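**Student:** Right, I'll just put the structure down here and ask away after.
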Ligand SMILES: [Zn+2]
Ligand SMILES: [Zn+2]
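Residue numbers (our numbering): 12 to 440.
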């Protein structure tokens, strides 16, 4: 009886305290929004390519320090990790933002459009945040400021991961999420759970899209070398034509998708994106090189596709008399949203931004190196809408193009969602 009395006193006090913290967070989010926009515009105007995010990393480190957060710099080249220890015990929750821009010359008419130029693979190029990573950095800095303002009430530790080179490091360099994981970003303190999001140009602002289980594809890049025997173009019987063999190989590879892969289980994509061989109309070339990508959403299917890929190329090559060489490099793993974690966190997302704005979606055959964090702790990666309200998604310029655009006002939804995920996960643990 006595126990019951005590409980009945304590619970309302707890609830009131919890509601107070939530109020503090809402006020801090509203306060940080203009800063979030200013950071985003500054970053958008000063984009840097992968493994070259020097100014970006400095801005991030300076800001994190100004919030009283412990900072590690130079992680996986230019990466920055902030560690915020709450005054109350609890789990270690990691949040990730990628920082790199792309070799694209911006054509969007914005006061903060990029005019930055640099050299990439020996070529003069424009640099642009054409995938929205500027918004990711601005949002994560905002979350860091908000959560550091409630440090006294914060349970556990939040690890802010600012990652370089998500789009892939320059040729001959290592980088990105894999290197951050290899350098121990998921340890000391050990991360219990990791959340991340990507802003999307064809999803309306104010909304979040999610999928449980396999979400984004594993991306493999391949090179196929086909070697024949040169001859005069009028006398192909005196040579071995690698171009006609390559045509058969391309068709053969597509049958792995259409005839062999269990497409009701998960999608498979094989794309030959580049083919090069020959010099003029009347010479049978001595070789062909093909570059492309394989996308899978199930690691068993990925293994099978790799096996069949090598077999089909070798068999067609043997039948045609050419010699073949295949190299497959795995760039990212399947981005896997832990189903139990998703189920646990969906109510938080709905609370943060309204149930009608949280939508389930299908697979994505695009890839994310966020997948590497998921090998060390349960992970949940979301899509955040960045398209102006009322616009037709079909008319939204795609990511990685000169016209790519996402709004400033979209970021508030991302900040709200991440803050809620952190505070609710810490409460549940
Ligand atoms: Zn991208
Ligand atoms: Zn991206």
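Every residue gets a Cβ at the ideal spot worked out from N, C-alpha and C, and that includes glycine.
Quantities reported herein were computed from a predicted structural model and do not represent experimental measurements.
At the level of alpha carbons, what is the spacing between residue 353 and residue 360?
**Tutor:** Residue 353 sits at position 342 when you count from the first residue of the chain shown. Residue 360 sits at position 349 when you count from the first residue of the chain shown. Near 10 Å, if we compare the C-alpha coordinates of residue 360 and residue 353.
**Student:** Quick check on the burial criterion: 16 or more other C-beta atoms within 10 angstroms. Buried or exposed for residue 156?
**Tutor:** For the purposes of this step, residue 156 is taken as the residue at position 145 of the chain shown. Result: buried.
**Student:** For ligand 2, any of its heavy atoms closer than 7 Å to the Cβ of residue 380?
**Tutor:** Translated into positions along the chain shown, residue 380 becomes position 369. Not so, every heavy atom of ligand 2 lies at least 7 Å from the Cβ.
**Student:** Distance, Cα to Cα, residue 268 vs residue 187?
**Tutor:** In the chain shown, residue 268 corresponds to position 257, counting from 1. In the chain shown, residue 187 corresponds to position 176, counting from 1. Distance between the alpha carbons of residue 268 and residue 187: 29 Å.
**Student:** What does a CB cutoff of less than 7 Å around residue 41 pick up in its chain, not counting 5 residues either side in sequence?
**Tutor:** Translated into positions along the chain shown, residue 41 becomes position 30. No residues qualify anywhere along the chain.
**Student:** Among 193, 280 and 214, which residue has its Cα nearest to the Cα of residue 233?
**Tutor:** Residue numbering aside, residue 233 sits at position 222 when the chain shown is read from its first letter. Minimum Cα distance to residue 233 is reached at 280.
**Student:** Are the CB atoms of residue 167 and residue 61 nearer to each other than 8 Å?
**Tutor:** On the chain shown, position 156 is the one that residue 167 refers to. On the chain shown, position 50 is the one that residue 61 refers to. Cβ atoms of residue 167 and residue 61: not closer than 8 Å.
**Student:** Tell me whether residue 177, by its Cβ, gets closer than 7 Å to a heavy atom of ligand 2.
**Tutor:** Position 166 of the chain shown, counting from 1, holds the residue named residue 177. Residue 177 Cβ: within cutoff of ligand 2.
**Student:** Kindly identify the DSSP beta-bridge partner or partners of residue 221.
**Tutor:** For this step, residue 221 is matched to residue 210 along the chain shown. Residue 221 pairs with 371.
**Student:** With respect to the alpha helix (DSSP H) encompassing residue 202, which residues constitute its N-terminal and C-terminal limits?
**Tutor:** Against the chain shown, residue 202 aligns to sequence position 191. No alpha helix (DSSP H) contains residue 202, which DSSP labels as neither H nor E.
**Student:** Do residue 381 and residue 424 have their CB atoms nearer than 8 Å?
**Tutor:** Taking the first residue of the chain shown as 1, we reach residue 381 at position 370. Taking the first residue of the chain shown as 1, we reach residue 424 at position 413. Not closer than 8 Å, so no.
**Student:** Helix, strand or coil: how does DSSP classify residue 120 here?
**Tutor:** If you number the chain shown from 1, residue 120 lands on position 109. It is coil, neither helix nor strand.
**Student:** Closer than 7 Å to a non-hydrogen atom of ligand 1 - does that hold for the CB of residue 411?
**Tutor:** Stepping through the chain shown from its first residue, residue 411 is reached at position 400. Within the cutoff, so yes.
**Student:** Alpha carbon to alpha carbon, what distance is there between residue 227 and residue 104?
**Tutor:** Within the chain shown, numbered from 1, the residue matching residue 104 stands at position 93. Within the chain shown, numbered from 1, the residue matching residue 227 stands at position 216. If I take the Cα positions, the gap works out to 22 Å.
**Student:** Mapping the DSSP letters down to three states, classify residue 417 as helix, strand or coil.
**Tutor:** Within the chain shown, residue 417 is the residue found at index 406, counting from 1. If DSSP states are grouped into helix, strand and coil, residue 417 belongs with coil.
**Student:** Go ahead and pull the three-state DSSP assignment for residue 110.
**Tutor:** Locating residue 110 in the chain shown gives position 99, counting from the first residue. Correct three-state label for residue 110: coil.
**Student:** Just verifying my parser: in three-state terms, what is the DSSP assignment at residue 433?
**Tutor:** The residue labelled residue 433 in the question sits at position 422 within the chain shown. It is helical.
**Student:** Measuring only the C-alpha atoms, how far is residue 43 from residue 216?
**Tutor:** Residue 43 sits at position 32 when you count from the first residue of the chain shown. Residue 216 sits at position 205 when you count from the first residue of the chain shown. Answer to the nearest angstrom: the Cα atoms are 18 Å apart.
**Student:** Rounded to the nearest angstrom, what separates residue 208 and residue 135 at their Cα positions?
**Tutor:** Position 197 of the chain shown, counting from 1, holds the residue named residue 208. Position 124 of the chain shown, counting from 1, holds the residue named residue 135. Each residue's alpha carbon lies about 31 Å from the other.
**Student:** Between residue 140 and ligand 2, is there a pair consisting of the residue's CB and a ligand heavy atom that are separated by less than 7 Å?
**Tutor:** Here residue 140 is taken as the residue at index 129 of the chain shown, counted from 1. Every heavy atom of ligand 2 is 7 Å or more from the Cβ of residue 140, so no.
**Student:** To the nearest angstrom, report how far apart residue 320 and residue 67 are at their CA atoms.
**Tutor:** As a first step, residue 320 must be located in the chain shown, where it is residue number 309. As a first step, residue 67 must be located in the chain shown, where it is residue number 56. Distance between the alpha carbons of residue 320 and residue 67 is about 41 Å.
**Student:** Could you say which of 202, 257 and 265 lies nearest to residue 334 if we only look at CA atoms?
**Tutor:** Counting from one through the chain shown, the residue named residue 334 turns up at place 323. The residue with the shortest Cα to Cα distance from residue 334 is 257.
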